[in-house]
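Participant: The structure's right below; bear with me while I get my questions together.
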Ligand code: KIV
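Numbering (the working numbering), first residue to last: 581 to 856.
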């Protein structure tokens, strides 16, 4: 059947079918997410805190993101794979941004890249324009952009001034300019529902919300939050499983079995060939 393409996404969008995206950071989880039927898998730089043990996304490197993306590509068959460009891998120059974005497609096998953009972020709009001109599909990302957390002063929900505020105007304008620059979809993160609705109505590409409420064209969540893996999730998210408990119980049972001599048994032991 082949992977989901931009044309498939567009068809769903035109038919008013909600789009689905989840993150994944490795092959086994990527495989299960893919088999679950999502349209897109984002190999997010949220791997920083959810997969690689960093405090946040800032330390994540190109090499780590390429490695994570290649693992997810190897484990999957159907979903479109979006590689998240990490902090500092774009912006210094258009040339370096093109080189780094190309590596996601050439070396990791991604289908597209995602770049965060600040409100009125001229630099990234210009880069997105160049990438799409060169045939690199780009997913935009506006609102609470974690790579700018230090600049924003924390995980501050964007657009609280109201949907008619000057700030909301600026977000809408930025979304429209990203659309002109050729993005195929736009992640809206941590934005009030009313502002997300305004942006969704203003652009003719699918908006994918996370903490952006109901009036967007699709949803994305972080897989570890969905699976209950690695501690507390966020209120914007929804937890569908409790893998922390499942894994903790499995490990405790293993330790108890080994300590009590219940594992291994003769069934888990190898015999010489002639004894089989
Ligand atoms: O890195 C990530 O997981 C993301 C999503 C939260 C959209 O950017």
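All C-beta atoms, glycine included, are put in the ideal place defined by N, C-alpha and C.
What residue range does the beta strand (DSSP E) around residue 841 cover?
Facilitator: That residue, residue 841, is in no beta strand (DSSP E); it is neither H nor E in DSSP.
Participant: Looking at residue 790 and residue 797, is the spacing between their C-beta atoms short of 8 Å?
Facilitator: No, the pair does not count as a contact, with Cβ atoms beyond the cut-off.
Participant: For a test of your reading of the model: does the CB of residue 649 fall under 7 Å from any non-hydrogen atom of the ligand KIV? Yes or no.
Facilitator: No, the beta carbon of residue 649 sits no closer than 7 Å to any heavy atom of the ligand KIV.
Participant: Just tell me which of 795, 598 and 732 has its CA closest to the CA of residue 776.
Facilitator: The residue with the shortest Cα to Cα distance from residue 776 is 795.
Participant: Determine, using beta-carbon pairs with one atom in the segment 646 to 656 and one in the segment 703 to 712, whether at least three such pairs fall under 8 Å.
Facilitator: No, the segment 646 to 656 does not touch the segment 703 to 712.
Participant: Report, in whole angstroms, the separation of the C-beta atoms of residue 620 and residue 656, which I expect to be a contact under 8 Å.
Facilitator: That pair is no contact at about 11 Å.
Participant: Using CA coordinates, which residue listed in 581, 597, 630 and 593 is at the minimum distance from residue 813?
Facilitator: The candidate whose alpha carbon is nearest that of residue 813 is 630.
Participant: Tell me, please, whether the segment 709 to 723 touches the segment 766 to 784 by the rule of three or more beta-carbon pairs shorter than 8 Å.
Facilitator: Counting Cβ pairs under 8 Å, three or more are found: they touch.
Participant: Spatial neighbours of residue 604 within its chain, please: C-beta separation below 6 Å, excluding the five flanking residues on both sides.
Facilitator: 610, 613, 621, 652 and 803, listed in sequence order.
Participant: I'd like to confirm the pairing. Which residues does DSSP put opposite residue 718 in its beta bridges?
Facilitator: Residue 718 pairs with 693.
Participant: From the DSSP secondary-structure annotation, give me the bridge partner or partners of residue 790.
Facilitator: According to DSSP, residue 790 bridges with 769.
Participant: Could you check the C-alpha separation between residue 674 and residue 710 for me, to the nearest Å?
Facilitator: About 8 Å.
Participant: Out of 638, 737 and 845, point me to the one whose CA is closest to residue 792's CA.
Facilitator: That would be 737, whose Cα lies nearest to the Cα of residue 792.
Participant: Measuring from the CB of residue 624, is there a heavy atom of the ligand KIV at a distance below 7 Å?
Facilitator: At least one heavy atom of the ligand KIV is nearer than 7 Å to the Cβ of residue 624, so yes.
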